[in-house]
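In full-length UniProt numbering, the protein residues as written are 1 to 723.
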């Protein structure tokens, strides 16, 4: 069957492409006319073109889809970001490209959901991130609302998106189809007029470059076949608050002759001359200058983010001396002094001063070698990201410089009384957490003695048994889950074990995970977590609140990292949860992932007595608090069903009330210590009802128990409603 013919004007005649003919056959004509007509057409578009209407075999795969929104001049602007599967390296380096895409639809119909499948293909094939924008539609929102939102997205991407998403500012392009292409061209003109940074490229798919439609093609296609010129006039009536024949170049991009553009005034000329110098590359400039100044020496350039030469020397492994050039008209160095506030104001510390080197020259000595070292922070262009901070090492023997770089790099990669912590999308060394675990002790953990010994033996035997695992031809890895009601020793047990493992002859480093979040999504975070664990194996990898970390969206990825194709030899994983039932069976019941579970119940009577004795010892030097031995048993008796955390809360609340009523008292310790020791019995216990601590703690226990009962009742009602 021949393809239909387009109505002709004069002798002109063309045949419709077969794919276009198929489109006509499967899509009704546009239902235009007033707000109601456009509302109908929007629904029709969604019913035909929406992503969920496409068969799953025809949906293009994509690395990741992010749904976000930014604040715009007319309200929130939804953006759907498509990340290609091959772009992680460029994102990490800040070299990724980005395409901001505004869809077509005559300003009045269409949505990102209808265009996502095609944009996925663009993202994957080009390797760039695609930012598809759901802008406000006409006639509810007229010109220039859409252009304002386009500008807002571009400005946001340059200001924040480039830094947080690894996009290079010189690789931001704009694009769109139909009126989306029209708006892209308009945005480039607007940015030119405003003196803003130009887009790297324009992707214009059949834009409407001019109004009115007085071209032969417009006359030939004035009626029939889905969208006719009269329909476009209807779109423009929706979009423009004035007749569509406007001379506004933002709405109708006519070709303006060169004589139309006014000459710049002197101030403008000076500004753009100042801002339009040749491309600056600090690294190349410094390398050229050093080679000219020291022609007989070899130059070794080392990025400082991987090798901290000054930190290595400050730790006692080398020495350095600043080199000053007396009488020079330029400063010998540019070093910032930065005030660092105290980590805890309560300690009374005034803070301190740190140095941030922007430019400096040093004489650096390591072992029997001497080097000239320049440190330079190069911020090229108007953006501060990505920064270029390099060490420039001048030496007569490059092998010695290479050995120095390896030694300093190895030192920087090691832990120095620190713990690796994954937080905010990156690994950080925490000396504060290390100091905290050094205070933790198994003496502070009240557990059934056999359970405590089993936990310790599980860990110690694992790290002592590499040869045994290899002899049995089984992977040298282990996983435990600590579960039970909150406040019963899971966290302090983990901290005590970290302390124990650091005290081994070959200390076992701990890696603590606070979240899976990262700038590239939680999957990337999980991959970086296990990458670091494999690098530092044998190691102790800790996931607290496992049920909150492993959500449905990342569960498969997490499980694959635990027992997928990559080796996890030497990694001991411990995860804690207050809600074992919320964990996927693939985590809680699969032996190859977590081999054993330890239950931390609410303390029994003997354990509650021991905890009360801990408080008795803490208050022993306070003459205002009478705390006989029999009070320990009495308090333990009324706190059945309480966790250690609840019992602690009862003590703290009661003591605060007593202190307030008595005008204040101070215990012999400034903080609750993690160390429990037996307390000798006194000879005279007295009458409990005469003891202020007993009277007040009974009140606090009653308040806490009432809260527990209300919480349980609420939970039961919730369970009933779900069932």
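Note that CB positions come from ideal geometry on N, CA and C, so glycine has one too.
- Message: Give the list of continuous alpha helix (DSSP H) stretches no shorter than 4 residues that lie fully inside the segment 435-513.
- Response: Scanning the segment 435-513 for uninterrupted alpha helix (DSSP H) segments of 4 residues or longer gives 449-464, 466-471 and 490-502, listed from N- to C-terminal end.
- Give the DSSP-derived three-state secondary structure of residue 168 in the structure shown. Taking the first residue of the chain shown as 1, we reach residue 168 at position 168. DSSP places residue 168 in the strand class (E or B) of the three-state scheme.
- Might you give, ordered along the chain, the residues of its own chain that have their beta carbon closer than 7 Å to the beta carbon of residue 592, omitting 5 neighbours on each side? Mapped onto the chain shown, residue 592 falls at position 592. The residues are 563.
- Query: Straight-line CA distance for residue 522 to residue 640?
  - Reply: Translated into the one-based positions of the chain shown, residue 522 becomes position 522. Translated into the one-based positions of the chain shown, residue 640 becomes position 640. When only Cα atoms are considered, residue 522 and residue 640 end up about 41 Å apart.
- Exposed unless 16 or more other CB atoms sit within 10 angstroms - verdict on residue 531: What you label residue 531 is simply residue 531 of the chain shown in a count that begins at 1. Exposed is the call here.
- Message: Between the alpha carbons of residue 541 and residue 106, how many angstroms are there, rounded?
- Response: Indexing the chain shown from 1 puts residue 541 at position 541. Indexing the chain shown from 1 puts residue 106 at position 106. Near 55 Å, if we compare the C-alpha coordinates of residue 106 and residue 541.
- Under the rule that 16 or more other beta-carbon atoms within 10 Å means buried, what is residue 421, buried or exposed? The sequence position of residue 421 within the chain shown is 421, counting from 1. Counting of Cβ neighbours within 10 angstroms places residue 421 among the buried residues, the total reaching 16 or more.
- Message: Taking 8 Å as the cut-off, is the beta-carbon of residue 549 closer than that to any non-hydrogen atom of the ligand GDP?
- Response: The ligand GDP is absent from the structure shown, which contains no ligands of any kind.
- Task: Give me the Cα-Cα distance between residue 436 and residue 496, rounded to the nearest whole angstrom.
- Result: Taking the chain shown and counting its residues from 1, one reaches residue 436 at position 436. Taking the chain shown and counting its residues from 1, one reaches residue 496 at position 496. Going by the C-alpha atoms only, they are around 10 Å apart.
- For residue 306, which residues of its own chain have a beta-carbon under 8 Å away from its beta-carbon, when the five flanking residues on both sides are left out? Counted from its first residue, the chain shown places residue 306 at position 306. Taking C-beta separations shorter than 8 Å and ignoring five residues to either side along the sequence, the partners of residue 306 in its chain run 409 and 412, following chain order.
- 8 Å contact criterion, which residue 550 and residue 573 should meet: CB distance rounded: Position 550 of the chain shown, counted from the first residue, corresponds to residue 550. Position 573 of the chain shown, counted from the first residue, corresponds to residue 573. Not quite, the Cβ-Cβ distance comes to about 12 Å (not below 8 Å), so this is no contact.
- With distances taken between CB atoms, is the gap from residue 173 to residue 97 smaller than 9 Å? Taking the first residue of the chain shown as position 1, residue 173 is located at position 173. Taking the first residue of the chain shown as position 1, residue 97 is located at position 97. Yes, they are a contact pair.
- Sorted by chain position, which residues of the same chain lie with C-beta nearer than 6 Å to residue 673's C-beta, five sequence neighbours on each side aside? Numbered from its first residue, the chain shown carries residue 673 at position 673. Residue confidence is low: residue 673 scores 41 on pLDDT, short of 50, so the model does not pin down where it sits. Its coordinate-derived value is still stated next. Closer than 6 Å at Cβ, skipping near neighbours: no residue.
- Task: For my contact list, residue 54 and residue 135 are in at a C-beta cut-off of 8 Å; report their separation, rounded to the angstrom.
- Result: By one-based count along the chain shown, residue 54 stands at place 54. By one-based count along the chain shown, residue 135 stands at place 135. Distance from residue 54 to residue 135 at the Cβ level is roughly 23 Å; contact not present, criterion being Cβ atoms closer than 8 Å.
- Message: Using a Cβ distance threshold of 8 Å, determine whether the segment 442-454 contacts the segment 477-492, with at least three qualifying pairs required.
- Response: Using a C-beta cut-off of 8 Å, the segment 442-454 makes contact with the segment 477-492, since at least three inter-stretch Cβ pairs fall below that distance.
- Task: Leaving aside the five residues before and after residue 607 along the sequence, list all residues of the same chain whose C-beta is less than 6 Å from its C-beta, in chain order.
- Result: Reading the chain shown from its first residue, position 607 is the one you call residue 607. Correct list, in chain order: 446.
- Query: Along the chain, which unbroken stretches of the alpha helix (DSSP H) at least 4 residues long are found entirely within the segment 98-176?
  - Reply: Whole alpha helix (DSSP H) segments, 4+ residues: 112-126, 145-156 and 162-165.
- Item | Span of the alpha helix (DSSP H) around residue 638 | Along the chain shown, one-based indexing puts residue 638 at 638. 629-638 is the span of the alpha helix (DSSP H), which, as asked, contains residue 638.
- Message: Please give the ranges of any beta strand (DSSP E) in the segment 336-395, keeping only runs that are unbroken, at least 3 residues long and fully inside the region.
- Response: The qualifying runs are 352-366, 369-378 and 388-395.
- For residue 180, the nearest candidate out of 157, 111 and 197 (CA to CA): By 1-based counting over the chain shown, the position of residue 180 is 180. Answer by Cα proximity: 111.
- Message: Check whether the segment 501-520 and the segment 608-621 are in contact - that is, three or more C-beta pairs closer than 8 Å.
- Response: Verdict: no, contact absent.
- Message: I'd like to check one pair, residue 128 with residue 163: are the Cβ atoms closer than 9 Å?
- Response: In the chain shown, counting from the first residue as 1, residue 163 sits at position 163. In the chain shown, counting from the first residue as 1, residue 128 sits at position 128. With contacts defined as CB atoms closer than 9 Å, residue 163 and residue 128 fail to qualify as a contacting pair.
- Could you give the residue range of the beta strand (DSSP E) that holds residue 563? Residue numbering aside, residue 563 sits at position 563 when the chain shown is read from its first letter. For residue 563, no beta strand (DSSP E) run applies; the uninterrupted alpha helix (DSSP H) run containing it begins and ends at 555-563, by DSSP.
- What do you reckon, are the CB atoms on residue 158 and residue 286 nearer than 9 Å? Here residue 158 corresponds to residue number 158 of the chain shown, with the count starting at 1. Here residue 286 corresponds to residue number 286 of the chain shown, with the count starting at 1. In this structure, residue 286 does not lie closer than 9 Å to residue 158 by Cβ.
- Can you tell me which of 538, 91, 493 and 426 puts its alpha carbon nearest to the alpha carbon of residue 724? The structure shown does not extend to residue 724, since the chain is modelled only from 1 to 723, so the question has no answer here.
- Can you tell me which of the three DSSP states residue 625 falls into? If you number the chain shown from 1, residue 625 lands on position 625. If DSSP states are grouped into helix, strand and coil, residue 625 belongs with coil.
- Can you tell which of 344, 404, 374 and 546 has its C-alpha closest to the C-alpha of residue 357? Residue 357 sits at position 357 when you count from the first residue of the chain shown. Ranked by Cα distance from residue 357, the first of 344, 404, 374 and 546 is 374.
- By Cβ distance below 7 Å, which residues in the same chain neighbour residue 104 in space, the five residues on each side in sequence not counted? For the purposes of this step, residue 104 is taken as the residue at position 104 of the chain shown. For residue 104, same chain residues with a beta-carbon under 7 Å away, outside a window of 5 residues either side, are 110, 176, 177, 178, 179 and 180 in chain order.
- Message: Once DSSP output is grouped into helix, strand and coil, what is the label at residue 601?
- Response: Counting from 1 along the chain shown, the entry for residue 601 is found at position 601. Secondary structure of residue 601 (DSSP, three-state): coil.
- Query: Which residues share a DSSP beta bridge with residue 575?
  - Reply: Reading the chain shown from its first residue, position 575 is the one you call residue 575. Residue pairing by DSSP places residue 575 opposite 481 and 543 in a beta bridge.
- Have a look at the DSSP bridge pairing and note the partners of residue 66. One-based indexing of the chain shown puts residue 66 at position 66. According to DSSP, residue 66 bridges with 81.
- Return the bridge partner residues of residue 429 from the DSSP annotation. As a working mapping, residue 429 is identified with position 429 in the chain shown. Assignment of beta-bridge partners to residue 429 by DSSP yields 420.
- On the premise that residue 625 lies in contact with residue 580, defined as a C-beta separation below 8 Å, what is that separation, rounded to the nearest angstrom? Sequence index remark: in the chain shown, residue 580 carries index 580 (1-based). Sequence index remark: in the chain shown, residue 625 carries index 625 (1-based). Beta-carbon to beta-carbon, residue 580 and residue 625 are separated by about 39 Å, too far to satisfy the 8 Å threshold.
- Query: For residue 507, is the classification buried or exposed, using 16 other Cβ atoms within 10 angstroms of its Cβ as the cut-off for buried?
  - Reply: Translated into the one-based positions of the chain shown, residue 507 becomes position 507. Residue 507 comes out exposed.
- DSSP state of residue 298 mapped onto helix, strand, coil: Stepping through the chain shown from its first residue, residue 298 is reached at position 298. Note: residue 298 maps to strand in three-state DSSP.
- Have a look at the DSSP bridge pairing and note the partners of residue 321. Numbered from its first residue, the chain shown carries residue 321 at position 321. As a beta-bridge residue in DSSP terms, residue 321 pairs with 363.
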